[in-house]
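Residue numbers (the UniProt record's numbering): 1 to 69.
The beta-carbon is built from N, C-alpha and C at its ideal position, and this holds for glycine as well.
On a predicted model such as this, the values are computed, not experimentally measured, just so you know.
To start, the structure itself, in structure tokens.
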Amino acid sequence: MREWQREGYKVVEVELNGDLHDFEVVQGDEVVATITPETLEDMELIIKDLDNGDDVNGWEDGMGNTISI
Numbered sequence: 001m002r003e004w005q006r007e008g009y010k011v012v013e014v015e016l017n018g019d020l021h022d023f024e025v026v027q028g029d030e031v032v033a034t035i036t037p038e039t040l041e042d043m044e045l046i047i048k049d050l051d052n053g054d055d056v057n058g059w060e061d062g063m064g065n066t067i068s069i
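Here's what the structure looks like:
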């Protein structure tokens, strides 16, 4: 699984259901949010955005909540 470092937090890819993965937003040792994509295509877009250096602050978590870091 992959991990993306950002200033003050990191995003960690974790197994969810087969090929579909969640993305945990971690500050210190605490998971403060989990991004749950609905489809493999959504997951690939999240990975692309993270690879491009995007900040997840303000993103939707897939459950109707806005991530606030």
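field: DSSP state of Glu7 mapped onto helix, strand, coil
entry: In the three-state DSSP reduction, Glu7 falls in the coil class, being neither helix nor strand.
field: Burial state of Val14, where buried means 16 or more other Cβ atoms lie within 10 Å
entry: By the C-beta density criterion, Val14 is exposed, having fewer than 16 other C-beta atoms within 10 angstroms.
message: For Asp51, which residues in the same chain have their Cβ closer than 8 Å to its Cβ, ignoring the five residues on either side in sequence?
response: Trp4
query: Out of Asn65, Thr66, Val32 and Phe23, which has the shortest C-alpha to C-alpha gap to Leu40?
result: When each option's Cα is compared against that of Leu40, the closest is Phe23.
- request: Go to Glu60, then tell me how far its alpha helix (DSSP H) extends in each direction, as first and last residue.
  value: Unbroken run through Glu60: none, as it is neither H nor E.
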